[in-house]
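Numbering (the working numbering), first residue to last: 171 to 297.
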């Protein structure tokens, strides 16, 4: 399958909302945005049409209303987006991204414990 076009920040926001709703009209997606995130109805409509064109969502008519559903799981969208970011910014190497996130954003003691568990579990799988 050919690679899908990357998503803009706004398209990703709309894709996340639609993923949570599973199936929705433009109005339902628009109304699902938090009040503090001022986004116009027509902007949501434009993003949904772009997502459809790029192959991330499909639309069906219910009477005269377009109802959108995801064609691609959000997890896949996130993976593809991160893979592209890692390729472009870090030459395909994931460790520099992980290092950057830890050093620049920091991690809590709880997150550090989770990372240690993950590393230990992954290490056992390679023996």
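For each residue, glycine too, the CB sits at the ideal point set by N, CA and C.
If you're wondering where the values come from, they're calculated on a predicted model, not measured in any experiment.
For the beta strand (DSSP E) containing residue i, list its first residue and its last residue.
i, result
"residue 227", "227–232"
"residue 240", "235–240"
Determine, for residue i, whether the minimum Cβ-Cβ distance to residues of chain C falls below 8 Å.
i, result
"residue 231", "Structure shown: chain C not included; a single protein chain is present."
For residue i and residue j, what's the separation of their Cα atoms in angstroms?
i, j, result
"residue 198", "residue 290", "44 Å"
"residue 262", "residue 256", "5 Å"
"residue 208", "residue 228", "25 Å"
"residue 281", "residue 275", "12 Å"
"residue 235", "residue 195", "7 Å"
"residue 184", "residue 173", "20 Å"
"residue 213", "residue 260", "32 Å"
Any idea what DSSP makes of residue i, helix, strand or coil?
i, result
"residue 176", "coil"
"residue 289", "helix"
"residue 208", "coil"
"residue 278", "coil"
"residue 224", "coil"
I need the boundaries of the alpha helix (DSSP H) containing residue i, first residue and last residue.
i, result
"residue 203", "Here residue 203 belongs to no alpha helix (DSSP H), and DSSP marks it neither H nor E."
"residue 264", "264–275"
"residue 251", "244–260"
Taking the DSSP output, what are the residues bridged to residue i?
i, result
"residue 194", "238"
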